[in-house]
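Visitor: Pasting a structure here, questions to come.
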């Protein structure tokens, strides 16, 4: 059992929040793709408030943007774990990284598709 799992209550929430902020900071400082997605979100999310769409449509426009950030965080985590294990080229490592990249491609495609369906 992990020694980090022993915290409960407010202490656990504070620790988890700190770890989350550390992860966001690491992604922003170390991953150009994450910074690019943040910039895309900085543009698209405020834009969604000025469009003549329903609240549900606006929620979808925002949700797909945030989903792409989530997928990028998970993709970066997979890449970091693979690189931590070994920097040696291996077919399974390549597959894992390629699948993470494919997930991000699907998430970005979903942004384009949802925004196009709602706006066009």
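In this note's numbering, the protein residues as written are 21 to 140. A virtual CB, placed ideally from N, CA and C, is assigned to each residue, including glycine.
1. Could you round the C-beta distance between residue 88 and residue 128 to whole angstroms and report it? I think they count as a contact, below 8 Å.
2. Between which two residues does the alpha helix (DSSP H) containing residue 76 stretch?
3. Can you name, in chain order, every residue of its own chain whose Cβ lies under 7 Å from the Cβ of residue 131, other than the five neighbours on each side?
4. Given that a residue counts as buried once 16 or more other Cβ atoms are within 10 Å of its Cβ, and exposed if not, what is residue 106?
5. Buried or exposed: where does residue 95 fall if 16 or more other Cβ atoms within 10 Å of its Cβ makes it buried?
6. Grouping DSSP H, G and I as helix and E and B as strand, with all else coil, what is residue 72?
7. So what does DSSP say about residue 27, is it helix, strand or coil?
8. Taking all protein chains shown into account, decide if residue 52 is buried (16 or more other Cβ within 10 angstroms of its Cβ) or exposed.
9. Would you decide whether residue 54 is buried or exposed? Buried here means 16 or more other CB atoms lie within 10 Å of its CB.
Guide: The structure says:
1. 6 Å
2. 75-105
3. 84, 85, 88
4. exposed
5. buried
6. coil
7. coil
8. exposed
9. buried
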